[in-house]
Every structure is written in C-alpha cells, then in structure tokens.
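All residue numbers for the sequence shown refer to our numbering, where the first residue is 96 and numbers rise by one. Where is the CB? At the ideal position from N, CA and C, for every residue including glycine. Computed from a predicted model, the values in this text were never measured in an experiment.
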Amino acid sequence: MNMLTLLTLLRRRAAIAVCVTLSACAAAPPGAATPAGTAYGAFLAGRYAEAQQDPAAAAHYFQRAIGADPGNQDLLGEGFAAALLAGAPGAVALAPLVSHNALAIMLLGNQAALNGDYNAAARQYATLPRDDLAGVIAPLLVAWAEAGAGNQAAALAGLARYFSGSNLSLVYVLNAALIADVGGDPHDAAGYYAAVGSGGATQNLRLAQILASWQARQGQMTGAQAQLAALLADHPELRVAMPALQAAIARPVITKPTDGLAEAYLTLAGLLDQPQQVTVRVTFLQFALALRPDLTAARMLLASVQTGVGGNAPANPAGLNAALATLQPVPADDPLFGPAALQEATLLAALDRPDEAVTVLNRLAASDPGDPTPLAAAADVLRDDNQFKASAAAYDKAIALTGQPPPPDAWSLYFDRGMAEDQSGDWKAAEPDMLKALSLAPNQPYLLNYLGYSWALRGEKLDQARQMLQQAVGLDPNDGAVIDSLGFVLLRQGHDAQAIGLLTQAVQLDPDDAEVNAHLGDAFWANGMKLQAGYQWQRALSLKPDPKLQNEIEGKLKQAGQDG
C-alpha cells in the first residue's frame, strides 16, 4: 500500500469513527466481554475508542477482533494501524501480515536495525515505494541502515542524488553530515555541515543543537555559542532550556545509526502539519521513540499532537493524559527537561490540576532562579484558576528578575499582572501596569484593546480610549474583539449610528461571542431600534454568556418588556 492510499484509508476511517460516536453505546473497559462468536463488537469498540482519542484501548479491541477473525485482511490493516498509533508491541507481530503496507515495511526495518541486523534493515527500507512520504524518507532510512552495516560510502553516495532539486535537499545534506560525523570522517562531515550552515536552512532546535555540537567539538566555541544565541533570538520561549543546552553544547547529537534513523523520522514528522497527516505523523514519532527512547524532541512533539496541536482533533482527557505519559520518562538531566516541564505543567492545568502544575513550575524555577519563565507560567496557571492575588504575587517575582529598566519583551508580564489585578478588583494597581506595558510595547493591539476597553467600561478617558482603539484596529483590522471595543467607546460617546456600523462588523467577525452580540443590542436600543435590540440580546443569551453578563442582558430584556 503506498502512502497516498494509506492516507485515503485513514480519512475514511476517521469519517466512520465520527459516525460511531453518534451511537448511544459506549466502549467497555479493556477486558470486558464483546459479543460472543464474532469480531464485530470488538471492532466497534475499537472504532469508538479511536474516536475518543484512546489509542491504547483501540489497539486492545482490534487485537481481540483479529483473534476472532484472524484471516480478515481489512481487520488486520485496522489493527496494525491502531497498534502503531498506540505504540503497542502487537504492531510488530502484525507487520508481516500486512507486508505491502509502507508503515509495516518501515517497522520491520526498524526492528532489524534494533536487533543489529543493518543489512536486513537496508533490504526492508529499499522495498519502500518511492512516491509521496515514503519516497521522501526512504533514502534517509536506507542510508542510515547502510552506514550501520559498515557501508558508509554507499550511504553517502545514495544521499548525494538528493542534494539538489528539492526544497528538502538540505535535509539529505544534513543527514550525510551526520553519517560522516558518526563514521569518523571529519573532512566530509565538515563540508556537509558547512553546506547546511550556508544553505539558508530555517533555524530550529535540532539544527542548532547539531551545528553547535559539531562546532564545539572542532574547537569553534564562538560559532557554537552563536548558533544557540540565534536559536534563542528566534525562539525566546526556549530560554528555559539555554543553561542545559550550553552545558551539553559539545555532546554529539547522534552517536549510532539507530539514532540517525530516529532523527529521520522526527524530521519528517516535523514537516507533517496537515490534519489528514496526523496518523502518519504520530506513527513516525512512535518509530523515533522506539528507536531512541531518549529523543526528547520527539516526545515533546508527540505530546503536542496528542493534545490537539498541529491539526489534531480537540484534546479530551484521554489525549491530555496520553501526552503526560509521553513526557513522563524525560529525566531531569536532559537538555530539554525545562521545556518539557513547561509542557507538562500546561497539560496538568488543562486537566484541572492547577496545584500540581504550579508545583512543577516552582520546582523548575528553583533549578534556575534567574529565569522568569517558570514563574510567569505559574502566574498564568493561577490566574486561569481565578487565584488572582497569588497570580499577581507570582508575576511580581517574575518581573523582578527582568531587571531595571525592564526589556521590551517584559511588556507581557506587566500586562498579565495588570489583568490579574483587574480581575481581583484592584484597578488602581492594574492601570499603572497596563500603562507600563504600553510604554514597552506601544503597538500591541491586544494591550491597546484591553486598556481602551477598560477605560470605556468605567466611563473614563473616552477620547484617549477611542484613539487607542483606533490604533488597535489599524494594527489588526480583522479582530472582531478590537472592533467591538471601538464601537463600544463610540456608543459611550453618543455616536450611536457609527457604533452600530462597527458593532455589526464585529458581530460578523465574531458571530458566536455573547458580549459582542450584547453590545450590538445596546447600540440598537440607544438608536431607538427596540425590536432589533431585543433580538440581539436574545441572541447573546443563546450563546451562554458568563453569569455576570447573563444577568445584565436579562435585566435589559426585562426592562424592555421582552423577557426571554
């Protein structure tokens, strides 16, 4: 089966799975009985588990279905795909039974490599179809297997055919560099690494680690440090990882051929960001981790996919818990432990476990007392949990670490602390923080919107609020919330007709926002359009507003004699 056929099958399975979720039944827990004498009950339970983002349960039920109907080729294919997604050991046993499946070929090649039989691995990978995704990754897999078998010259010659003519050419050059590096050929490795460094490759964590490691091991520490500095400039969220990355700067990223195979799967998984590619993406990441369990970059990407990032379905508790389990093996001495801990805390907060999330973040903050990132993340968790005073105190500590005068990127800390103070009812403390944030970042539309709208709500500084919101609309003309705020200010200033035009536009951009709809109702009412006002308020009520807004809308309807 080629990769295009596989993706078509997976899309069809996804559509069927949605149908299963509409039934009134629910999947039984593993070990429960299915209809005796048939595979059908276990098959349906497996489909339902897939729809609930529970790949382990899905693999369990499909395995039971195969046990009841072992000759069913379609069922074997379903069971194999489910086992792959779950990272279940049953996939290895099923792979020879679906030998025309490209993913089965890869899995069998991986197993041969793990067993030290690189010649067998190379033979397996060589049978992959050379179309679509399989055609992209096959040369990398074959090259690493050949390198593992001691045939480095053939590995490099095979990759050289792909050094030009594709937007992925640098991927093949980089893998050639890694093969030469691992194989003890510094002359060829230097040439390949230089080509990658001058080829305009997009800066990312793995590339920065690889190039910095090479340069550090060649005594080029200034260049190595520059690689990490460039990485941090492009990805400031990685600041929490910098001390550990600096400490490990001279450590080889790849030390053996199975590491290289894992890296190839990780590279391709990073490129697959379309919704229909999620299953193949997860499978490639499972392959990478089976080949190299300590590949933390793959764990972090897999956890993101499991929680819905990167085109996956919205996360549910099963997906969130699966992501937590994926991150669990990351040790404290791993260079990426910091970013993984931040990701773990986000998952715990999403599972409504804020205290555990804050504990993880405080522990991370204690390990690097000079970094405000974990403290700011803990403050975010506390604010989302309505612990506003504790949140503001955590922001205090984070802001103190930014120094004086604060750098421009500290604007978000002042803004977030201001929101926590405002939500706790302390606008007197919040307003100076908002103004400080604005002095550091005068062109942030969300900041301009929050401050301008806050003044409008209080009936204060309406002219200044209007100017601020006009600036925000100019910066982000398609943001319904910003346009709504400007319309609200105009309404407060008595410009009812202008307000209606802007608020109508805001509703068109954010039709399901209860507050935006309620504001349009207010504008209609102020303009004497009472019937339209009542309709708009009823519409806002149907959108499940928060209790405070609901009470306000119901009061307006009651006053208008249009109780809903």
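Segment limits, alpha helix (DSSP H) that includes residue i
| i | result |
| --- | --- |
| Gln247 | 247-255 |
| Asn196 | No alpha helix (DSSP H) contains Asn196, which DSSP labels as neither H nor E. |
| Gln341 | 337-342 |
| Ile595 | 591-604 |
| Ser637 | 625-637 |
| Ala444 | 432-445 |
| Val348 | First-last for Val348: undefined, no H or E at that position. |
| His282 | 281-292 |
| Arg668 | There is simply no residue 668 to check, as the chain begins at 96 and stops at 659 in what is shown. |
| Ala427 | It is not in any alpha helix (DSSP H) - Ala427 carries neither H nor E in the DSSP assignment. |
| Asp511 | 506-518 |
| Leu557 | 557-570 |
| Pro150 | 150-163 |
| Arg142 | 135-146 |
| Asp679 | In the structure displayed, the chain extends from 96 to 659; residue 679 sits before or after that span and is not available. |
| Thr587 | Here the sequence assigns Arg to residue 587, which means Thr is not the residue at that position. Arg587 -> alpha helix (DSSP H) spans 575-587. |
| Asp329 | 316-329 |
| Ala183 | Taken as a continuous stretch (DSSP letters only), Ala183 belongs to no alpha helix (DSSP H), as it is neither H nor E. |
Three-state secondary structure assigned by DSSP to residue i
| i | result |
| --- | --- |
| Thr297 | coil |
| Asn270 | helix |
| Lys651 | helix |
| Asn80 | The structure shown does not extend to residue 80, since the chain is modelled only from 96 through 659, so no value can be given for it. |
| Ser534 | helix |
| Thr353 | helix |
| Ser261 | coil |
| Ala387 | Sequence inspection shows Arg at residue 387; the Ala mentioned does not correspond to that position. Three-state result, Arg387: coil. |
| Leu456 | helix |
| Leu470 | helix |
| Gln482 | coil |
| Gly414 | helix |
| Gln304 | helix |
| Pro224 | coil |
| Lys523 | helix |
| Gly656 | coil |
| Gly166 | coil |
| Pro640 | coil |
| Ala240 | helix |
| Thr402 | coil |
| Arg376 | helix |
| Pro502 | coil |
| Ala123 | In this prediction, Ala123 scores a pLDDT of 38, lower than 50, which makes its location untrustworthy; the coordinate-derived value is nonetheless stated afterwards. Three-state result, Ala123: coil. |
| Thr362 | helix |
| Pro464 | coil |
| Leu203 | helix |
| Gly278 | coil |
Same chain, Cβ closer than 6 Å to residue i, five either side skipped, listed in chain order
| i | result |
| --- | --- |
| Leu585 | Gln593, Ala594 |
| Ala151 | Ala181 |
| Pro469 | Leu456, Leu459, Ala460 |
| Lys653 | none |
| Tyr257 | Pro234, Tyr267 |
| Gln310 | Gly318, Ala319 |
| Asp354 | Arg387 |
| Leu546 | Met529 |
| Ala408 | Only weak support exists for where Ala408 lies, its pLDDT of 47 falling under 50; the coordinates are left without a value. |
| Ala487 | Arg512, Ala515, Glu516 |
| Ala122 | Unreliable positioning characterises Ala122 in this predicted model, as indicated by a pLDDT of 36, which lies under 50. The coordinate reading is nonetheless provided below. The residues are Ala140, Tyr143, Ala144. |
| Gly204 | Ala216, Gln219, Tyr220 |
Inter-residue CB distance, residue i and residue j (contact presumed, cutoff 8 Å)
| i | j | result |
| --- | --- | --- |
| Ala216 | Ala208 | 4 Å |
| Ala532 | Tyr509 | 4 Å |
| Leu326 | Ala303 | 4 Å |
| Leu636 | Gln645 | 7 Å |
| Gly294 | Leu265 | 5 Å |
| Ala364 | Leu384 | Not a contact, Cβ separation roughly 11 Å. |
| Arg587 | Asn612 | Actually they are not in contact, since the Cβ atoms of Arg587 and Asn612 sit about 18 Å apart, beyond 8 Å. |
Chain-order list of residues whose beta-carbon lies under 8 Å from that of residue i (same chain, five-residue window excluded)
| i | result |
| --- | --- |
| Asp329 | Gln298 |
| Pro352 | Ala208, Tyr213, Trp239, Ala240, Ala242, Gly243, Val277 |
| Pro412 | Leu446 |
| Thr350 | Val277 |
Cβ-based neighbour list, residue i, same chain, cut-off 7 Å, excluding 5 preceding and 5 following
| i | result |
| --- | --- |
| Thr421 | Arg394, Leu397, Ala398, Gln401 |
| Leu443 | Glu451, Ala452, Val455 |
| Ala524 | Glu516 |
Given 8 Å, three or more beta-carbon pairs between the region 338-346 and the region 272-289:
no
Would you call the region 605-618 and the region 555-568 touching, i.e. three or more CB-CB distances under 8 Å?
no
Using 8 Å as the cut-off, can you tell me whether the region 355-362 makes contact with the region 176-192, which would need three or more C-beta pairs spanning the two stretches below that distance?
no
Indicate whether the contact test is met: 3 or more Cβ pairs, each with one atom in the region 496-505 and one in the region 514-527, closer than 8 Å.
no
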